[in-house]
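Below is one structure, written out as structure tokens; comments come after it.
Numbering (UniProt numbering), first residue to last: 1 to 157.
Spelled out as structure tokens, the structure:
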């Protein structure tokens, strides 16, 4: 009997794996792409791309997910994994990260809101939202979420 026949079923669904891969792609997009992130991690761009590809069974390495989240300034990938287990992440410290809310924070939020509105308007212009437009909207949504989470940490403290 071959080893593959003796393996137990995975304890993660295909849709959960695809969700993690979509989050991985979104994180890389937020960092300027897999090629740019590869310069800041021990993993080469082709491997990073495999981790984001729905066609490849491999998922992102935990240590690289931590590196990616640190680069993003928010626990995007680790939070996604925690959510699959029924948990949500909360900051360890009672101290707000990054200090007080500033005018710069407000400008950054306005810029990301404007970019998101523009992406949605552009996508709806011809009444057909194609794959490229969906990816652009998702990237803008993810960027805004990172900004909003950073702001929430500042005002919650």
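Where a beta carbon is used, it is the ideal one built from N, C-alpha and C, also for glycine.
If you reduce the DSSP assignment to three classes, tell me which class residue 11 lands in. coil
Residue 71 - DSSP class collapsed to helix/strand/coil: helix
Hey, quick one: how far does the alpha helix (DSSP H) through residue 44 stretch, first residue to last? Element bounds for residue 44: n/a, residue is neither H nor E.
Is the beta carbon of residue 77 closer than 7 Å to that of residue 27? yes
If the criterion is Cβ atoms closer than 7 Å, does the pair residue 38 and residue 45 meet it? yes
Throw me the rounded Cβ distance for the residue 106 and residue 140 pair, which I believe falls under 8 Å. With 8 Å as the limit, residue 106 and residue 140 do not qualify as a contact, their Cβ atoms being about 18 Å apart.
Please state the DSSP three-state secondary structure of residue 105. helix
If you check the beta carbons only, do residue 117 and residue 143 fall under 7 Å apart? no
Separation of residue 121 from residue 35, as counted between CA atoms: 29 Å
Outcome for residue 12 when other beta-carbon atoms lying within 10 angstroms are tallied against a minimum of 16: exposed
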